[in-house]
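Chemist: In the order they appear, the protein sequences are chains A and B. For the first sequence, this note's numbering gives the first residue as 1, with consecutive numbering after it. For the second sequence, this note's numbering gives the first residue as 1001, with consecutive numbering after it. Even for Gly, the Cβ is constructed at its ideal location relative to N, Cα and C.
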Amino acid sequence: DGGITQSPKYLFRKEGQNVTLSCEQNLNHDAMYWYRQDPGQGLRLIYYSQIVNDFQKGDIAEGYSVSREKKESFPLTVTSAQKNPTAFYLCASTSDSHYGYTFGSGTRLTVV
Amino acid sequence: SQKIEQNSEALNIQEGKTATLTCNYTNYSPAYLQWYRQDPGRGPVFLLLIRENEKEKRKERLKVTFDTTLKQSLFHITASQPADSATYLCALGTAGYSTLTFGKGTMLLVSP
């Protein structure tokens, strides 16, 4: 079945550490996105990529980094510079935003 | 500044009734509007898209309207069922951009 896979589902990080969240899709979608969701907040765009080897900052890119070396993969690194990283992270992809996004099941990151 | 507003209070209705959720926006000229369903701890699932030149869209028990004069979309679920209980998100897209901006969502609770 085609879909988008995020791993791990839960992630714990010590302060000062970088962590990388995985996002893989087998839908042959060109565009991929990372959103952050906090309680009572809407989804906020961190980074997006419309083509391999190219990506753009979203509204809250500070403290995050991404890469897009393969069409299928769009990993997100939460760096130690991100001041409040505890959140639910969602990866999405689409062939055309007019047709809706396909979301992964999310990674819940907690700083301990 | 651009704003998308959805009712922050949960909507409680009885099974069999029609649920109506509202999405209002300001300082936007969206080319299209999408609705998503999100269950707790899961990623959103795309439901419907409506374009700026469309007044209404239907899919099974779902109906979406889009009034660009009022800057409002209404999302209806007819003959609601307890399984429809979830948070519903609206998202706006603008022409020429592949990114969506999401509202905070409204929780719908359908009681038997």
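(1) Just to confirm, are residue 1026 of chain B and residue 1076 of chain B a CB contact at a threshold of 9 Å?
(2) Return yes when the Cβ of residue 64 of chain A is within less than 9 Å of the Cβ of residue 51 of chain A, no when it is not.
(3) Under 7 Å between beta-carbons, which chain B residues line up against residue 74 of chain A? List them in chain order, please.
(4) Identify each residue in the stretch 1094 to 1106 of chain B for which the Cβ-Cβ distance to at least one residue of chain A is less than 9 Å, and report them in chain order.
(5) Give the single residue among B/1028, B/1048, B/1031, B/1029 whose Cα lies nearest to the Cα of residue 1037 of chain B.
(6) Quick test of the definition: if touching needs 3 or more C-beta pairs under 8 Å, does the stretch 1049 to 1064 of chain B touch the stretch 4 to 23 of chain A?
(7) Given a threshold of 16 other Cβ atoms within 10 Å of its Cβ, counted over all protein chains shown, does residue 1041 of chain B qualify as buried or as exposed?
(8) Along the beta strand (DSSP E) that carries residue 1013 of chain B, what are the first and last residues, could you check?
(9) Name the chain D residues that come within less than 9 Å of residue 1061 of chain B, Cβ to Cβ?
(10) Counting only beta-carbon separations shorter than 9 Å, does residue 1011 of chain B have a partner in chain A?
(11) Please check the pair residue 1028 of chain B and residue 1092 of chain B, which I expect to be a contact at CB under 8 Å, by giving their CB distance rounded to whole angstroms.
Modeler: This is what the structure gives:
(1) no
(2) Between residue 51 of chain A and residue 64 of chain A, the C-beta spacing is not below 9 Å.
(3) By Cβ distance, chain B contributes nothing, its closest Cβ being about 14 Å from residue 74 of chain A, past 7 Å.
(4) 1097, 1098, 1099, 1100, 1101, 1102, 1103, 1104, 1105
(5) The residue with the shortest Cα to Cα distance from residue 1037 of chain B is B/1048.
(6) no
(7) Classification for residue 1041 of chain B: exposed.
(8) 1011 to 1014
(9) Considering every chain present, this structure includes no chain D. Its protein chains are A and B.
(10) False, the Cβ-Cβ gap to chain A never drops below 9 Å.
(11) 6 Å
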